Amino acid sequence: MTTIDHPTRAEVSAQRDALLARLGMTFDELARMAAAGELVGEEWVAWAEIEELGYLLGE
Amino acid sequence: MSEPEAWLEAEARTFADKIGDLLDRTLPDAPNMRVSVLGSKLWIRPDGQSLDETGRERGGIPLQVKGAPLAWLRVTYSCRRDVTGKHLAVDGSKFWIVSTKDRSPLIRFEYEYAARTTPHSHIHVHAERGTLSHLLTRTQRARAHDMSALHLPTGGSRFRPDLEDVVQFLITECGVDKVKGWKAAVDERRAEFRVIQARSVARAMAREAADELRGLGYTVHPPEDGEPELGRKARFAW
Numbered sequence: 287m288t289t290i291d292h293p294t295r296a297e298v299s300a301q302r303d304a305l306l307a308r309l310g311m312t313f314d315e316l317a318r319m320a321a322a323g324e325l326v327g328e329e330w331v332a333w334a335e336i337e338e339l340g341y342l343l344g345e
Numbered sequence: 056m057s058e059p060e061a062w063l064e065a066e067a068r069t070f071a072d073k074i075g076d077l078l079d080r081t082l083p084d085a086p087n088m089r090v091s092v093l094g095s096k097l098w099i100r101p102d103g104q105s106l107d108e109t110g111r112e113r114g115g116i117p118l119q120v121k122g123a124p125l126a127w128l129r130v131t132y133s134c135r136r137d138v139t140g141k142h143l144a145v146d147g148s149k150f151w152i153v154s155t156k157d158r159s160p161l162i163r164f165e166y167e168y169a170a171r172t173t174p175h176s177h178i179h180v181h182a183e184r185g186t187l188s189h190l191l192t193r194t195q196r197a198r199a200h201d202m203s204a205l206h207l208p209t210g211g212s213r214f215r216p217d218l219e220d221v222v223q224f225l226i227t228e229c230g231v232d233k234v235k236g237w238k239a240a241v242d243e244r245r246a247e248f249r250v251i252q253a254r255s256v257a258r259a260m261a262r263e264a265a266d267e268l269r270g271l272g273y274t275v276h277p278p279e280d281g282e283p284e285l286g287r288k289a290r291f292a293w
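The listed protein sequences correspond, in order, to chains A and B. Take the first sequence: its position 8, counting from 1, is numbered 294 in the working numbering, and each next residue is one higher. Take the second sequence: its position 168, counting from 1, is numbered 223 in the working numbering, and each next residue is one higher.
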C-alpha cells in the first residue's frame with residue numbers, strides 16, 4: 287500500500303538543509319565533489335537524495 | 056483538492072502501487088512505496104528509503120543472501136504530469152545497487168529524460184580495470200581512473216531497461232534471495248512496460264509502424280492532414 291504525503295516547499299528545503307548539515311558540507315561543496323567523482327560512502331546516497339529533493343522544488 | 060491535483064495523486068498511487076507490487080513479489084522484506092507530491096512534481100521511492108539522523112541509509116530494498124543483507128536496492132522515480140495532462144511522465148529513474156560494506160554504489164542504472172550530453176538511459180559500473188584507465192588516460196578523458204564516470208548507453212528512452220530487468224538481474228545473475236513466484240511478477244511488469252514503450256515508439260515513428268502493419272496485412276490509412284514527421288528524439292537520441 288503506497289503512502290502519499292504533501293510536503294511544503296519549506297519542509298523539502300529544510301530536509302535538504304538537514305542532509306547537508308549531517309554531512310557537514312555546503313551544497314556547492316557536495317556538488318563539486320560529485321562532479322569530481324570524489325564522493326565516498328553515505329555521501330553518494332545523500333547527494334542522490336539532495337538532487338531528488340531539488341527536483342521536487344523545481345530546481 | 057483540485058481536479059488536476061486529484062488526477063495526479065491517483066496516477067501516482069497507481070504507478071507506485073505497481074512498483075511496490077513488483078518489489079513485494081520478488082525481493083524479500085521489500086517495503087511499501089512512498090510518494091511525495093509538491094505542485095506537479097512527484098518523488099516515488101520505497102518508504103523509509105532515506106538517511107537517518109546519523110547519515111546512514113535506512114530502508115531501500117534489502118538484498119539478502121541466505122537471509123543476510125549484503126546490499127540494498129535504492130529505487131527512485133521522479134515524475135510529473137506530461138504536457139497533454141493525460142499521462143504521467145517519468146523525468147528520471149535511479150536503480151542503484153548499494154553495498155552495505157562501504158555504503159557506496161556498485162552499479163547504477165539511471166534514466167534522465169532531459170539529458171543533453173550523456174545517454175538518456177545509462178549504467179555506471181563502480182569497478183576498476185587498469186587497461187581501461189590506461190586507454191582513457193591516452194584519450195585525455197577527465198577522471199580516466201574512474202570507471203564509474205562512464206555512462207554506458209542502454210537503448211535511449213524507449214528501449215531502456217526498467218526496474219523488472221534490474222530485479223531479474225539481481226536474482227538470476229547475482230543470486231540474491233527471492234520470493235517464490237518472482238518470475239511471474241517480473242513477466243507481468245515487463246509485458247506492461249513494453250506495451251507502453253511500443254505504443255510510444257509507434258506514435259513517434261507512425262509511418263514506419265504503418266508500413267510494418269501493412270506488411271502484416273492490416274489496412275492502415277494516413278491521417279487526412281498528412282503523415283507526421285518521424286520523431287527526432289526517437290531516431291537520434293542515445
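Even glycine gets a Cβ: it sits at the ideal position worked out from N, Cα and C. Small disclaimer: the values here were computed from a predicted structure and weren't measured.
Sequence ranges, alpha helix (DSSP H) only - wholly within the stretch 203-275 of chain B, length at least 4: 218-223, 237-259 and 261-270
Indicate the three-state DSSP secondary structure (helix, strand or coil) for Q119/B in the structure shown. strand
Bridge partner(s) assigned by DSSP for R100/B: R89/B
Answer with buried or exposed for F70/B, where buried requires no fewer than 16 other C-beta atoms within 10 angstroms of its C-beta. buried
Starting from D201/B, trace the alpha helix (DSSP H) both ways and give me its first and last residue. First-last for D201/B: undefined, no H or E at that position.
Rounded straight-line distance, which links the Cα of L77/B to that of E219/B: 7 Å
Between the CA atoms of S133/B and I99/B - distance to the nearest angstrom: 6 Å
For the stretch 233-254 of chain B, enumerate the residues whose C-beta is nearer than 9 Å to any C-beta of chain A, in chain order. none
On a Cα-Cα basis, can you pick out the residue from L63/B, P83/B and V90/B that is closest to P293/A? V90/B
Determine which residues of the stretch 73-88 of chain B have a Cβ less than 8 Å from any Cβ of chain A, and write them out in chain order. G75, N87 and M88
Pull up the distance between the alpha-carbon of W62/B and that of L190/B, whole angstroms please. 51 Å
Just how far apart, CA to CA, sit L93/B and G340/A? 11 Å
Let me check understanding here. Comparing Cα to Cα, which of G281/B, T186/B, R269/B and R215/B lies closest to V256/B? R215/B
Of all the residues that make up the stretch 332-345 of chain A, which are near chain B by a beta-carbon distance shorter than 8 Å? A332, A334, E335, E338, L339, Y341, L342, L343 and G344
Looking at the unbroken alpha helix (DSSP H) that takes in S188/B, where does it start and where does it end? G185 to R193
Sufficient close CB pairs (3 or more, under 8 Å) joining the stretch 248-267 of chain B to the stretch 144-152 of chain B: no
Is K140/B helix, strand or coil by DSSP? Checking the sequence, you will find Gly at residue 140/B rather than Lys. It is coil, neither helix nor strand.
Residues of chain A with CB under 9 Å from V90/B, in chain order? T288, T289, I290 and D291
Let me know if D137/B comes out buried or exposed under the rule of 16 or more other beta-carbons within 10 Å of its beta-carbon. exposed
Residues in the stretch 180-195 of chain B having any Cβ partner in chain A nearer than 8 Å: none
Look at S176/B and S212/B and say whether their C-beta atoms are less than 8 Å apart. yes
Provide the residue span of the beta strand (DSSP E) that contains T69/B, from first to last. Segment E58 to D79 is the alpha helix (DSSP H) holding T69/B; no beta strand (DSSP E) there.
Between R129/B and A240/B, is the Cβ-Cβ spacing less than 8 Å? no
Quick one: residues in its chain with C-beta nearer than 6 Å to the C-beta of E66/B, no 5 flanking neighbours on either side, listed in chain order? L143
Using a beta-carbon distance below 8 Å, is R302/A in contact with chain B? no
Based on the DSSP output, what are the partners of W127/B in its beta bridges? P117/B and V153/B
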